[in-house]
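A.B. asks: Have a look at this one.
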Amino acid sequence: MSEAAETPARVIESFGRRVIVESQAGVRMPAELFGKRLNCVCGDEVMIRGPQGSGDVAKVVRVLPRRSLFARTDSRGRTEPLAANLSLLVVIIAPEPEPDLFIADRYLAGAALANIAGALIVNKSELAGAQEPEFQARVNDYERAGYRVLRISAKHDEQSVAPVRALLAGASAMLVGQSGVGKSTLTNRLAPESERATRSLSDATGEGRHTTVSTALFRLASGGELIDSPGVRDYAPPPVEDAMVQVGWPEILALAPECRFNNCLHIREPGCAVTAAVAEKSLSPRRYESYKRLLNIMRGLAPEYERRR
Ligand SMILES: Nc1nc2c(ncn2[C@@H]2O[C@H](COP(=O)(O)OP(=O)(O)O)[C@@H](O)[C@H]2O)c(=O)[nH]1
Ligand SMILES: [Mg+2]
Ligand SMILES: [Zn+2]
């Protein structure tokens with residue numbers, strides 16, 4: 001195979017090992033990965049070899065260096081890449097379904113550990129549940145931690161979505177969050193072309209529901225690009241050493257220099273500025289609990305981590 005036969009393309013949809021790529025001229029086509037060792041995900045920049053004859057499909061022959069790689073730990077403790085070249089991860093929560101904020105925190109931590117900015121969108125803000133003091137206090141924790149937080153109603157309030165367009169302009173962003181929070185509704189509003197995709201899929205399965213089954217990238221008229229992904233039940237970042245876990249908590253990282261020990265993990269060490277802040281509630285006890293939980297998860301993954309090194 002000659003080098004000259006290879007052309008650059010972008011992976012805009014991936015279903016496991018089958019992908020859809022878009023050429024630089026904007027032509028979309030299905031492609032297969034060439035060789036078992038090759039792995040690519042939505043957002044990847046790749047080199048492809050076009051179909052060689054009728055009945056043939058394009059082959060992805062090489063994955064170009066990634067600016068970032070967002071990944072998760074799967075149920076067997078292995079690292080599974082989810083999206084490449086992201087600059088922003090947007091976590092969506094809503095008053096319904098009942099939010100699991102520990103998952104939201106782990107998503108934001110996974111982004112920070114992969115050098116990807118994080119932001120929070122609170123959807124379904126028009127619902128009464130969004131006005132509950134408890135819910136609002138939990139959301140405020142993220143603003144106090146330093147995250148950008150946008151409150152929207154993707155379904156009912158076009159104006160509320162304008163700040164999302166501004167946030168995403170120039171970004172390569174992925175929307176994540178529990179199933180049912182409104183990821184696809186928001187994606188459809190931002191990139192109307194995405195509507196057809198979800199609709200035809202749900203027609204085909206006859207489920208009568210718009211279930212997102214693949215991870216797909218959409219370009220936004222307002223600038224930037226957006227990756228919609230299927231809802232997940234759980235998320236944990238790939239394994240990192242104990243001292244790195246706090247990178248996922250900006251409010252902990254900000255206080256760490258004030259701890260007595262520079263290797264403080266903020267658990268039971270004397271002179272810890274973080275546990276002091278938690279005691280006086282200037283640092284959210286719930287967010288701190290979440291930090292400790294991820295530290296424990298990472299310690300559980302440690303044997304796997306050792307084996308891979
Ligand atoms: N009340 C309300 N419902 C919404 C809003 N946005 C989306 N929904 C509804 O929430 C449900 C799940 O939306 P969907 O976009 O499929 O969520 P996804 O699973 O995260 O992709 C659908 O019934 C939507 O119509 C909103 O702003 N307010
Ligand atoms: Mg969806
Ligand atoms: Zn400390």
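Here our numbering is used: the first residue of the sequence shown is 1, the next is one more, and so on. Positions of the beta carbon are idealized from the N, C-alpha and C atoms, including for glycine.
Quick check: what's the CA-CA separation for residue 81 versus residue 156?
C.D. replies: To locate residue 81, count along the sequence shown from 1; it is residue 81. To locate residue 156, count along the sequence shown from 1; it is residue 156. Taking the straight line from one Cα to the other gives about 34 Å.
A.B. asks: When we look at the beta-carbon of residue 95 and count the other beta-carbons within 10 Å, is it buried (16 or more) or exposed?
C.D. replies: For the purposes of this step, residue 95 is identified with residue 95 of the sequence shown, where counting begins at 1. Looking at its Cβ environment, which holds 16 or more other Cβ atoms inside 10 Å, residue 95 is buried.
A.B. asks: Comparing alpha-carbon positions, which option in 83, 65, 260 and 93 lies nearest residue 183?
C.D. replies: To locate residue 183, count along the sequence shown from 1; it is residue 183. When each option's Cα is compared against that of residue 183, the closest is 93.
A.B. asks: With the cut-off set at 8 Å, would you say residue 41 and residue 14 are in Cβ contact?
C.D. replies: Counted from its first residue, the sequence shown places residue 41 at position 41. Counted from its first residue, the sequence shown places residue 14 at position 14. Result yes, Cβ atoms of residue 41 and residue 14 sit closer than 8 Å.
A.B. asks: Beta-carbon separation of residue 167 and residue 229 under 8 Å?
C.D. replies: Within the sequence shown, numbered from 1, the residue matching residue 167 stands at position 167. Within the sequence shown, numbered from 1, the residue matching residue 229 stands at position 229. No, the Cβ-Cβ distance between residue 167 and residue 229 is not below 8 Å.
A.B. asks: Beta strand (DSSP E) containing residue 311: first to last residue?
C.D. replies: Outside the shown range of the chain (1 to 309) lies residue 311, about which nothing can therefore be said.
A.B. asks: How should residue 177 be labelled, buried or exposed, when 16 other C-beta atoms within 10 angstroms of its C-beta is the threshold for buried?
C.D. replies: Within the sequence shown, the letter at position 177 stands for residue 177. Answer is buried; the Cβ neighbour count reaches 16.
A.B. asks: Count the other C-beta atoms from every protein chain shown that fall within 10 angstroms of the C-beta of residue 162, then say buried if there are 16 or more, exposed otherwise.
C.D. replies: Translated into positions along the sequence shown, residue 162 becomes position 162. Result: exposed.
A.B. asks: Start and end of the beta strand (DSSP E) containing residue 176?
C.D. replies: The residue given as residue 176 occupies position 176 in the sequence shown. Note, residue 176: beta strand (DSSP E), 172–176.
A.B. asks: Looking only at its own chain, which residues have a Cβ that is under 6 Å from the Cβ of residue 84, when we skip the five neighbours before and after it?
C.D. replies: Within the sequence shown, residue 84 is the residue found at index 84, counting from 1. Result list for residue 84: 41, 43, 44, 66 and 69, in chain order.
A.B. asks: Helix, strand or coil for residue 103 per DSSP?
C.D. replies: Position 103 of the sequence shown holds residue 103. It is helical.
A.B. asks: Pairing CB atoms from the segment 112–131 with CB atoms from the segment 256–271, are three or more of them under 8 Å?
C.D. replies: No, they do not touch.
A.B. asks: Around the C-beta of residue 192, are 16 or more other C-beta atoms found within 10 angstroms, so that it is buried, or is it exposed?
C.D. replies: For the purposes of this step, residue 192 is identified with residue 192 of the sequence shown, where counting begins at 1. Its Cβ having fewer than 16 others within 10 Å, residue 192 is exposed.
A.B. asks: Enumerated in chain order, which unbroken segments of the alpha helix (DSSP H) with a length of 4 residues or greater are wholly contained in the segment 220–304?
C.D. replies: You should have 250–255 and 273–279.
A.B. asks: Taking the C-alpha atoms as reference points, what is the distance between residue 287 and residue 98?
C.D. replies: As a first step, residue 287 is located in the sequence shown; it is residue number 287 there, counting from the start. As a first step, residue 98 is located in the sequence shown; it is residue number 98 there, counting from the start. Using only the alpha carbons, I get a separation of about 17 Å.
A.B. asks: What residues are listed by DSSP as bridge partners for residue 18?
C.D. replies: Residue numbering aside, residue 18 sits at position 18 when the sequence shown is read from its first letter. DSSP output for residue 18 lists 15 and 32 as bridge partner(s).
A.B. asks: For residue 124, does the three-state DSSP call read helix, strand or coil?
C.D. replies: For the purposes of this step, residue 124 is taken as the residue at position 124 of the sequence shown. Coil, per DSSP.
A.B. asks: Have a look at residue 134 and residue 141 and give me their C-alpha separation to the nearest angstrom.
C.D. replies: Position 134 of the sequence shown, counted from the start, is the residue given in the question as residue 134. Position 141 of the sequence shown, counted from the start, is the residue given in the question as residue 141. When rounded, the distance between both Cα atoms is 11 Å.
A.B. asks: Where do the ends of the beta strand (DSSP E) carrying residue 59 lie?
C.D. replies: Position 59 of the sequence shown, counting from 1, holds the residue named residue 59. Its beta strand (DSSP E) spans residues 58–63.
A.B. asks: Assign residue 262 to one of two classes, buried (16 or more other C-beta atoms within 10 Å of its C-beta) or exposed (fewer than that).
C.D. replies: By 1-based counting over the sequence shown, the position of residue 262 is 262. Residue 262 should be labelled exposed.
A.B. asks: Spatial neighbours of residue 236 within its chain, please: CB distance less than 7 Å, with the 5 preceding and 5 following residues excluded, ordered by chain position.
C.D. replies: One-based indexing of the sequence shown puts residue 236 at position 236. 72, 73, 106 and 297, listed in sequence order.
A.B. asks: Considering Cα atoms alone, identify which of 186, 250, 283 and 222 is closest to residue 123.
C.D. replies: Locating residue 123 in the sequence shown gives position 123, counting from the first residue. Minimum Cα distance to residue 123 is reached at 186.
A.B. asks: Does the beta carbon of residue 222 fall short of 7 Å from some heavy atom of ligand 2?
C.D. replies: Numbered from its first residue, the sequence shown carries residue 222 at position 222. No, the beta carbon of residue 222 sits no closer than 7 Å to any heavy atom of ligand 2.
A.B. asks: With the cut-off set at 8 Å, would you say residue 88 and residue 119 are in Cβ contact?
C.D. replies: Your numbering for residue 88 matches position 88 in the sequence shown. Your numbering for residue 119 matches position 119 in the sequence shown. Going by C-beta atoms, residue 88 is nearer than 8 Å to residue 119.
A.B. asks: In whole angstroms, what is the alpha-carbon distance linking residue 273 and residue 37?
C.D. replies: Along the sequence shown, one-based indexing puts residue 273 at 273. Along the sequence shown, one-based indexing puts residue 37 at 37. Their Cα atoms are separated by approximately 46 Å.
A.B. asks: Check whether the Cβ atoms of residue 219 and residue 190 sit closer than 8 Å, and answer yes or no.
C.D. replies: Along the sequence shown, read from residue 1 onward, the residue named residue 219 stands at position 219. Along the sequence shown, read from residue 1 onward, the residue named residue 190 stands at position 190. It is not a contact, given that the beta carbons lie outside the stated cut-off.
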